[in-house]
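Okay, so here's the structure we're looking at.
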DNA sequence: TTTCATACTTGTAATTATTACAAATAGATG
DNA sequence: CATCTATTTGTAATAATTACAAGTATGAAA
Ligand SMILES: [Mn+2]
Ligand SMILES: [Mn+2]
Ligand SMILES: [Zn+2]
Ligand SMILES: [Zn+2]
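Protein chains in written order, with the numbering used here: chain A, 18 to 151; chain B, 18 to 151.
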């Protein structure tokens, strides 16, 4: 796997301190944090960082396809360092967003009813394993 | 199919003028309108209606499962009078939200990785038929 | 039909998420 | 070092949604 620096260079993104910290934070977790979660975590070690920078950086990363954004029901926007296609599960109770395997399905084609499909988003909603057994 | 009145009664919803108008409007179209689209249309014939009422009513209808809400990437929340499960296609260019057949897929089970699935949302994104041929 | 209780609607204020913008800063280049 | 540009920051603006209190409609009881 290429380093962050390299991936930034490939896309012509200057590797500023802030951008690197934000990406490293995101890649260190798989819980699909929100802007606020990222800000709250980073501001401890980088007291001057601004929420605007978090927004700007995440927008850029999504644009350049280094990050994926999830807009599951309610929860607001969540961010994901994994850009390979996969599905997500939202627990109604505890609110966590869990990674699932990609739904490989013959019904999901390049073209549906004449419309050209470029992206597929599958969100499952229910009760997670933990919240379930109770 | 039961009448609106009946379906309201079944769920214990009082059939106020506003609620009836909002639901009739929604059922008359299949373009998944937003709160603003609904408000702008109704305020012409009902000049005193309030946007708060649109929000309140839609929240109630979703709660009582008479309406479905869609939170496709970007576009904000859209509302759908069809509550039977089906998928949606968002055109990146013109922004319209199109109904698709339900994705009947063996991979979509009641339970995935120990998590109990209660709801499946499938959003396809790309270029619609019209915007495509150009 | 009048009275009364309750549910619903409305307008406004508050909250939250996000973007716009201009000034300050950092970093690269020569 | 001097300069130029991209990035960051703080604040203000915008947009979406919810909270709340006062007004209004409705239906049951008297
Ligand atoms: Mn993920
Ligand atoms: Mn639909
Ligand atoms: Zn849970
Ligand atoms: Zn289109």
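Virtual Cβ for every residue (Gly too), placed ideally from N, Cα, C.
Ligand 3 and residue i: does any heavy atom of the ligand fall closer than 6 Å to the residue's C-beta?
{"i": "residue 145(B)", "result": "no"}
Along the chain, where does the beta strand (DSSP E) that runs through residue i open and close?
{"i": "residue 85(A)", "result": "85-87"}
{"i": "residue 57(A)", "result": "Not the beta strand (DSSP E): residue 57(A) falls in the alpha helix (DSSP H), residues 52-62."}
{"i": "residue 116(A)", "result": "114-117"}
For residue i, report the span of its alpha helix (DSSP H) as first-last.
{"i": "residue 68(B)", "result": "68-80"}
{"i": "residue 175(B)", "result": "Past the edges of chain B, shown from 18 to 151, lies residue 175(B), and the structure says nothing about it."}
{"i": "residue 39(A)", "result": "34-44"}
{"i": "residue 97(A)", "result": "Looking at the DSSP string, residue 97(A) is not in any alpha helix (DSSP H); the run it does join, the beta strand (DSSP E), is 95-97."}
Is residue i buried or exposed, if buried means 16 or more other CB atoms sit within 10 Å of its CB?
{"i": "residue 72(B)", "result": "exposed"}
{"i": "residue 31(A)", "result": "exposed"}
{"i": "residue 111(A)", "result": "exposed"}
{"i": "residue 69(A)", "result": "exposed"}
{"i": "residue 50(B)", "result": "buried"}
{"i": "residue 78(B)", "result": "buried"}
{"i": "residue 61(A)", "result": "exposed"}
{"i": "residue 99(B)", "result": "exposed"}
Say the cut is 6 Å; is the CB of residue i nearer than that to a heavy atom of ligand 1?
{"i": "residue 116(A)", "result": "yes"}
{"i": "residue 53(A)", "result": "no"}
{"i": "residue 57(B)", "result": "no"}
{"i": "residue 137(A)", "result": "no"}
{"i": "residue 48(A)", "result": "no"}
{"i": "residue 2(A)", "result": "For chain A, the structure presents residues 18 to 151; residue 2(A) sits outside this window and is missing."}
Please list the partners that residue i has in chain A, where partner means a Cβ-to-Cβ separation under 8 Å.
{"i": "residue 135(B)", "result": "109, 142, 143 and 144"}
Using a threshold of 6 Å, is the CB atom of residue i nearer than that to any non-hydrogen atom of ligand 4?
{"i": "residue 148(B)", "result": "yes"}
{"i": "residue 110(B)", "result": "yes"}
Applying a beta-carbon distance threshold of less than 9 Å, which residues of chain B neighbour residue i?
{"i": "residue 117(A)", "result": "129, 130 and 132"}
I believe residue i touches residue j by the beta-carbon criterion, under 8 Å. Please report the beta-carbon distance rounded to the nearest angstrom.
{"i": "residue 141(B)", "j": "residue 104(B)", "result": "7 Å"}
Along chain B, which residues have their Cβ under 7 Å away from the Cβ of residue i?
{"i": "residue 69(A)", "result": "By Cβ distance, chain B contributes nothing, its closest Cβ being about 20 Å from residue 69(A), past 7 Å."}
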